[in-house]
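Note sheet for the following structure.
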Amino acid sequence: MAKKPDQSDALVTEITPRSQDFSRWYLDVVRRAELADYSPVKGCMVIRPYGYAIWELIQQALDRRFKATGHVNAYFPLFIPEGLLKKEADHVEGFAPQVAYVTHGGGEELEERLVVRPTSEAIIGTMYAKWVRSWRDLPILINQWANVVRWEKVTRPFLRTTEFLWQEGHTAHETEAEAEEETLRMLGVYQEVAEHELAMPVVPGRKTDSERFAGALRTYSIEALMGDGRALQAGTSHNLGQNFAKAFDIQFQARDKSLQYVWGTSWGVSTRLVGGVIMTHGDDSGLILPPRIAPYQVVIVPIPRGNWQETVLPRAQALREDLAGRGVRVMLDARDTYTPGWKFAEWEMRGVPLRLEIGPRDIEQGQVVLVRRDTREKISVPLADLPVRVDALLGDIQRALLERALRFREEHTSRVTTYDEFIQAMEGRPGFVIAPWCGSAECEAQIKAETQATIRNLPLGDQRPGGPCVKCGRPAVSEAWFAKAY
RNA sequence: CGGGGCGUAGCGCAGCCUGGUAGCGCACCUGCCUUGGGCGCAGGGGGUCGCCGGUUCGAAUCCGGCCGCCCCGACCA
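Going by our numbering, the first residue of the first sequence is number 262, and it counts up by one from there.
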């Protein structure tokens, strides 16, 4: 841990203010909210139960939608023979520097090294070649939940770790059009989950060639804007064309009796999404979780007074049962070893959307006090109205977080036509800058070198760039969303 | 992998310059008292000072190497 400036008298429970050092604030939240911890393995984190619970809720939200769109889950091996990875030239070139190898097993050196999967196109492609014979075998729509390993030079909890958890969908289709449709369908699923579940607005679009997945025909992404104005790639969906089919010999006999290669897609999101949620919604008091992915949506804090264990506690327990019975994820913090004030701060740190306070005064008046995490608003609610109000408030908070994040993104997005404006926009308040682009990798690279901003993606669909390329002045082929990225 | 910073109790730090048997706050334990925004008082436990080596009568402190973490770049979900 690096030294924090001047806080010899600071409480350990405090976290670095976001405005002072966003990066340190992020790490403080991860640690204090007990989302993850460093492990003895360099670059690898332990996802702690609270952090894992968030991931599980994200998983469920995704998995539901994968199944609703016709996909099934399966599992492929962690190890991939090195030779398989090498079959697709661009693929191996793209991933080779990040790959971990197993060289020994059972006390002996292996004849062929095994790659610890950085992604599974190679092993899955190999299996698809065995499974596909006829157009009747298509499409194959498989997803797997797995861990992958990429030897990153710089790591940060959730955002970039050597090993991370993700899902990877791998599909094979009869036609190019079907593959493209699938690629965009899953991009849409990602956008829906990001916005509807994580309350994290994202910009869908197509990646430029320089940021395209190694071996893909086209890569699409969703990009989110974090609280410090930097962009986070939150998910990718690739149209693999026939590249992997040709590399792994995935052929089928078509309706016209000809032999054809399948058209492939792959798509993934990872535990990085948890980092995105932290950096989209959190504040100086810690995490703020959208209700739909909050492990606890309501925390009940009984106010101890006198013989509260006989008076207040039974009421609190009854409330817990009632809410839980209605499908609310609720936690009763009945510990007598902490004061209410301590619990308030603690559950705010952990981002619980709603706090329910109940004490002798409330019982007398037949009410409870609800406190919103996002606005800190205190609301007295008659007991009879509680379930309805809780439900409504959770919905309100979910919406308010999305709206707030959307407003933040709008305030931090500018549209420019000249390079001077571009530089000014990037130097001032960071965020997205939309500008016309000629399509050349040279301009893209120069802009990156000069401003650190990269093209996050290009908007989908037909669009008319509002002028010539912001960098070189040649005719523009597209508008591009630029940002400094994580 | 380049530039910079930092490793001393669970967390945050002081001590290091000028070598002499390791300290503070929080957390933790015990008791009493409190509890509607991180209660108070009293007593207490806990550290081979990141690791390895060197210098020295003696090393947290000086020297060398290694490892780890953080920040800024280049590479990436």
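Even for Gly, the Cβ is constructed at its ideal location relative to N, Cα and C.
In this text, all values refer to a predicted model and were calculated from it rather than measured experimentally.
When the Cα atoms are used, what is the spatial distance from V535 to K518? 48 Å
Evaluate the contact criterion for the segment 499-513 versus the segment 724-735: three or more CB pairs, one atom per stretch, below 8 Å. no
Is the distance from the Cβ of G242 to the Cβ of V694 below 8 Å? The first residue shown for the chain is 262 and the last is 747, placing residue 242 beyond what the model contains.
Where does N504 fall in DSSP's three states? helix
What does the Cβ neighbour count give for G368, buried or exposed, with the cut at 16 atoms within 10 Å? exposed
Could you pull out every residue in the same chain whose Cβ sits closer than 8 Å to the Cβ of L296, ignoring the five residues on either side in sequence? V290, I308, R309, Y311, G312, I315, P418, F419, V535, I539 and L548
If you draw a straight line from the C-alpha of Q713 to the C-alpha of I384, how long is it? 36 Å
Within 10 Å of its beta-carbon, does T532 have 16 or more other beta-carbons around it, so buried, or fewer, so exposed? Per the 10 Å Cβ criterion, buried.
On the criterion of 16 or more Cβ atoms from any shown chain inside 10 Å, does A741 qualify as buried, or is it exposed? buried
Residues near A477 by beta carbon distance below 6 Å, same chain, minus five either side: H499 and L501
Could you spell out the range, first to last residue, of the alpha helix (DSSP H) harbouring D681? Y680 to E688
Measuring straight from C-alpha to C-alpha, what distance separates V377 and F509? 19 Å
Are the beta-carbon atoms belonging to A475 and E484 less than 8 Å from one another? no
Selected residue, minimal CA-CA separation from R690, among H673, A702, A653 and A595: H673
Can you grab the Cα-Cα spacing for the pair A455 / K348, in whole Å? 34 Å
Residues that DSSP places opposite D298 in a beta bridge: V307
Whole-Å CB distance - E705 paired with T541, under 8 Å assumed: Going by Cβ atoms, the distance from E705 to T541 rounds to 26 Å, so no, they are not a contact pair.
Rounded Cβ spacing between N404 and H332 (contact assumed at less than 8 Å): 5 Å
So R670 is in the alpha helix (DSSP H); what residue range does that whole segment cover? L647 to E672
I need the boundaries of the beta strand (DSSP E) containing G529, first residue and last residue. From DSSP, the beta strand (DSSP E) with G529 extends over W524 to S531.
By a C-beta neighbour count over all protein chains shown, 10 Å radius and 16 as the cutoff for buried, is N334 buried or exposed? So N334 counts as exposed.
What are the complete alpha helix (DSSP H) segments, minimum 4 residues, inside the segment 404-458? 437-453
Just to confirm before moving on: does the CB-CB distance between G612 and F283 stay below 8 Å? Result no, Cβ atoms of G612 and F283 do not sit closer than 8 Å.
Quick check on DSSP: helix, strand or coil for R467? The three-state reading of DSSP puts R467 in strand, counting E and B together.
Outcome for L680 when other beta-carbon atoms lying within 10 angstroms are tallied against a minimum of 16: Looking at the sequence provided, one finds Tyr at residue 680 rather than Leu. It counts as buried.
Closer than 7 Å by C-beta to S546: which residues in its own chain qualify, once you throw out the five before and the five after it? Chain order, please. E609 and M610, listed in sequence order.
Counting Cβ pairs closer than 8 Å, one from the segment 655-667 and one from the segment 456-465, do we hit at least three? yes
Just how far apart, CA to CA, sit A585 and E571? 22 Å
Under the criterion of a Cβ to heavy atom distance below 7 Å, does G689 qualify as lining the ligand GTP? Here there are no bound small molecules, and the ligand GTP is not part of this structure.
Out of curiosity, what's the CA-to-CA distance linking R326 and V464? 20 Å
Beta-bridge partners of P643, as assigned by DSSP: Q628
Please list the segments of the beta strand (DSSP E) lying wholly inside the segment 690-717, counting only runs of 3 or more residues, in order along the chain. 693-698
Cα-Cα separation, R637 to W569: Linking R637 to W569 through their CA atoms gives a straight-line distance of about 26 Å.
Look at G525 and T436 and say whether their C-beta atoms are less than 8 Å apart. Contact: no.
With 16 other CB atoms within 10 Å as the buried threshold, where does I640 fall? exposed
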